Amino acid sequence: KNDEPEYTIGFSQCIGSDEWRRTMLDEMKRELSFYPGVKLLYEDAEGNSKKQIGQVKEMLRKKIDLLIISPNEARPLTPVVEEAFNRGIPVIIIDRKISSNLYTSYVGGNNFEIGRIAAEYIAGKLNGKGKILEVMGLPGSSPAIERQRGFNEGISKYPGVHIAKQVYGNWLKREAEKEVAKVISAYQDIDVVFAHNDQMALGSYQALKRSLPASKIKIVGVDALPGASNGLRYVSDGILYASMLYPTGGKEAIRTALAILNHMPFDKENILKTLVVDSSNVQLMKLQSDKINSQQIDIERQQEMLEEQRKIYHNQQIFLNILVVS
Ligand code: FRU
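The sequence shown begins at 1028 in the numbering used here and counts up by one.
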């Protein structure tokens, strides 16, 4: 049997070090375990668009059969993704987009809708009257642009609700914390912080706790990721008022990749659903994610046991062959 992989999928991740993207990679690996002939070539650009361009070029040089990419910023990454596409390599864009439609398939949430639904939700909780501080993601990354647009459109329907101030937290907790700390004394009268992700929401919380320890400001984030130091937990602990679920799409990306590689039907746009997680449903969400997690552990144990059995069988065959030959 030859050990050459049947297909090599290149996966270019914009910033691999956060929990949300680690979860994305875990989901991909789990799904890939069903396709032993497929190899994953993974590169982490560590939040650097230039580095990501170089990594994609290197993947093209090494010859990949398909590219999955979450572009750090849309514009700088567009030419290299178009180059791959024009060379006939199928491209799956995951979560963050490029600024052209030269790609094969997109997997991810509708970030405009996430912003809009967050605005509706917040305006409702404010009874149509209040002031908001918006903590935005990295300026050139598509989810920051789209969440902002959707949020703005949603808020504009409520004449009594205003976005009083916007700051960039660049998706990072410490930057959000720093930026919120800078502006908060001038905006002590805000009612809500809307942060484009939960990590920045947590950074905002820490800044508020320090500067305005008695504040009743509600904080709303995005991601609602399960796990000990992630959004679902913060909502259930009351640190965040709410979070918008933003699935990573790791599993869907691999499924779509295999459909493309095997010339099976697939959708160009694979839009993952969102919902508001707050105190009314967070326990249910936690219960479900714990259950899925424990089922996953069972599946992995079964796979290990099967692998053990396969090894035992293999050794017995070798032993039998020796007996027959001698
Ligand atoms: C993780 C992250 C998420 C956010 C997404 C946007 O790197 O910042 O928190 O929802 O990227 O692309």
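Here a beta-carbon is modelled for each residue, glycine too, at the ideal position from N, C-alpha and C. Only a predicted model underlies this, so the values are computations on that prediction, with no experimental measurement involved.
message = Let's test the definition: count the other Cβ atoms within 10 Å of the Cβ of Met1291 and tell me whether it reaches 16, buried, or not, exposed.
response = exposed
inquiry  = Output needed for Gly1151: all residues of its chain with C-beta closer than 8 Å, excluding positions within five of it in sequence on either side, in chain order.
reply    = none
ask   = Can the beta-carbon of Val1219 be found closer than 8 Å to that of Leu1153?
value = yes
query = Which residues mark the beginning and the end of the alpha helix (DSSP H) in which Ile1281 is found?
reply = 1277-1288
ask   = Any heavy atom of ligand 1 closer than 7 Å to the CB of Val1247?
value = no
message = Let me make sure I understand the geometry here. Which of Gly1142, Glu1180, Val1194, Leu1160 has the alpha-carbon closest to that of Arg1174?
response = Gly1142
query = Where does Lys1028 fall in DSSP's three states?
reply = The predicted position of Lys1028 is uncertain, since its pLDDT is 48 and thus under 50; a value taken from the coordinates is nonetheless stated next. Three-state DSSP puts Lys1028 in coil, outside helix and strand.
query = Can you list, in chain order, the residues of its chain whose CB lies under 6 Å from that of Tyr1273, leaving out five sequence neighbours each side?
reply = Gly1136, Val1249, Asp1250
ask   = Taking Ile1211 as the reference, which of Ser1169, Ile1159, Gly1254, Ala1280 has the closest Cα?
value = Ile1159
task = Leaving aside the five residues before and after Lys1078 along the sequence, list all residues of the same chain whose C-beta is less than 7 Å from its C-beta, in chain order.
result = Ala1072
task = Would you list, in sequence order, the uninterrupted alpha helix (DSSP H) runs of no fewer than 4 residues that lie entirely inside the segment 1240-1278?
result = 1258-1263
query = For Gln1233, which residues of its own chain have a beta-carbon under 7 Å away from its beta-carbon, when the five flanking residues on both sides are left out?
reply = Glu1204
request  = Compare the C-alpha of Asn1297 against each of Ala1101, Ile1091, Ile1119, Pro1032 and name the closest.
outcome  = Ile1119
query = Sorry if obvious, but does the Cβ on Asp1045 come closer than 7 Å to a heavy atom of ligand 1?
reply = yes
Range covered by the beta strand (DSSP E) that runs through Met1395 = Residue 1395 is absent from the model: the chain starts at 1028 and stops at 1353.
Three or more C-beta pairs below 8 Å linking the segment 1264-1283 and the segment 1055-1067 = yes
ask   = How should Ile1042 be labelled, buried or exposed, when 16 other C-beta atoms within 10 angstroms of its C-beta is the threshold for buried?
value = buried
ask   = Just checking, does the segment 1088-1103 make contact with the segment 1120-1136 on the three C-beta pairs under 8 Å criterion?
value = yes
ask   = With 16 as the cutoff for other CB atoms within 10 Å, does Tyr1340 come out buried or exposed?
value = exposed
task = Identify every run of the alpha helix (DSSP H) within the segment 1146-1204, keeping only runs that are complete inside it and at least 4 residues long; order them along the chain.
result = 1169-1182
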